[in-house]
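These notes concern the structure reproduced below.
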Amino acid sequence: MLSSLSQIFWHENDLGGLLPASISNLTHLTDLYLNENELYGGIPPEVGTLGSLNLLDLSNNNLSGPIPTSIGNMKSLTSLLLSSNNLTGEIPSSLGNLGNLTTLQLSDNNFEGPIPTSIGNLRSLTSLFLSFNHLTGAIPASLGHL
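Here it is, written out as structure tokens:
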């Protein structure tokens, strides 16, 4: 078992299939780079139990469905990179719980609905990418607090 594994760098391969829920067993994981692969299906909610994770890069895959609200439990997360997938639904307000987040990349998906006002809680945020989605409504005034 790889329970002490802290970093996975498997980006730019042809890895396919579902992201296994068992990834939550890697409790010491700090960096997970699975970008630019052929992963599909949803992001398992169990990912939200990876409390030591600093960086989650699942960009440039074929992931679909919503962002699990459990990602808002990942208090150590500094970078959440989910661009260029087929993710849908609304951006969960639970992302506003990620107080250490510096980079949030959600561009080039199929998100819809409003930008959650809770994004204004991300006081450490330096980069916010929301382009190429179907977001609607007003720009939240809370973004002025960033």
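If you're matching positions, the sequence shown starts at 25 in my numbering and goes up one per residue. From the three backbone atoms N, C-alpha and C, an ideal C-beta is built for every residue, glycine too.
If contacts are defined as beta-carbon pairs under 8 Å, then residue i and residue j qualify, I think. What distance do you get, rounded to the angstrom?
i: G123; j: K99; result: 7 Å
i: I67; j: L87; result: 6 Å
i: G168; j: N145; result: Contact flag wrong, Cβ pair sits at about 13 Å.
i: S148; j: D132; result: The pair is not a contact, with the Cβ atoms about 24 Å apart (cut-off 8 Å).
i: T126; j: T102; result: 5 Å
i: L77; j: L63; result: Not confirmed; about 17 Å, so no contact.
i: G65; j: L42; result: 4 Å
i: G161; j: P138; result: 4 Å
So for residue i, helix, strand or coil by DSSP?
i: T141; result: helix
i: G18; result: Here the chain comprises residues numbered 25 to 170, so residue 18 is not present and cannot be evaluated.
i: N133; result: coil
i: H169; result: helix
i: I163; result: coil
i: S27; result: coil
i: S155; result: coil
Relative to the alpha-carbon of residue i, which residue among the options has its alpha-carbon at the smallest distance?
i: S155; options: F33, F135, G161; result: F135
i: S27; options: L74, L42, G41; result: L74
i: L39; options: L80, I32, L58, T51; result: L58
i: E60; options: N37, T160, P44, N49; result: N37
i: E70; options: I91, S30, A45, I143; result: A45
i: S117; options: P164, W34, S83; result: P164
i: S94; options: I115, L152, T150; result: I115
i: T150; options: D81, Q129, N157, G89; result: Q129
i: L111; options: H35, L159, F33; result: L159
i: L170; options: L152, N97, G96; result: L152
i: H35; options: G161, L105, I139, G137; result: L105
i: L180; options: N157, S30, P90; result: Outside the displayed range of the chain (25 to 170) lies residue 180, so it cannot be described from this structure.
Does the beta carbon of residue i sit closer than 8 Å to a beta carbon anywhere in chain D?
i: G96; result: No chain D is present in this structure, which holds just one protein chain.
Examine the ligand FMN and report whether any of its heavy atoms sits within less than 7 Å of the Cβ of residue i.
i: I163; result: The ligand content of the structure shown is nil, which means the ligand FMN is not present either.
* Which runs of the beta strand (DSSP E) spanning at least 3 residues fall entirely within the stretch 51 to 121, listed in chain order? -> 55 to 57, 62 to 65, 79 to 81, 86 to 89, 103 to 105, 110 to 113
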